[in-house]
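Numbering (my numbering), first residue to last: 3 to 91.
Report on the structure given below.
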Amino acid sequence: MKKTFKITTPEGLHARPTALLVTAVTPFECDVQLAYNDKSVNLKSIMGVMALGITPESIITISAEGTDAEKLMQTVTDVIITKGIGEEC
3 MKKTFKITTP EGLHARPTAL LVTAVTPFEC DVQLAYNDKS VNLKSIMGVM
53 ALGITPESII TISAEGTDAE KLMQTVTDVI ITKGIGEEC
């Protein structure tokens, strides 16, 4: 299961929005990856996500596999939209 988002925060995916996303996905059992510029990292790793250097207006893809992947994707979508991090493409 995959979804694509456009990052709209003026600072890109910096510490605060990254922490919100990592905190939201950590309780889930499924594997979740964030892909940007042909690189992919575990979305449960704040350092991995920060190392990607995701800038404003960037397009990211989040993919999840596992028993609770659908619920995880809904949670990620809710966090990204309600916290003003980005919008779904």
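By construction, the Cβ of each residue, glycine as well, lies at the ideal position given by its N, Cα and C atoms.
Only a predicted model underlies this, so the values are computations on that prediction, with no experimental measurement involved.
Considered as a whole, the stretch 40 to 79 harbours 48 to 53 as its complete alpha helix (DSSP H) runs of no fewer than 4 residues, in chain order.
Cβ-Cβ distances below 8 Å link residue 27 to 34, 45, 46, 74, 77 and 78 in the same chain, with the five nearest sequence neighbours on each side left out; the list follows chain order. Counting the other Cβ atoms within 10 Å of the Cβ of residue 12 gives fewer than 16, which makes it exposed. Between residue 82 and residue 30, the C-beta spacing is not below 8 Å. In this structure, DSSP gives residue 15 a state outside helix and strand, which the three-state scheme calls coil. In this structure, residue 9 keeps its C-beta atom at 8 Å or more from the C-beta atom of residue 36. Contact check for residue 14 and residue 57: beta-carbon distance about 4 Å, within the 8 Å limit, so the pair qualifies.
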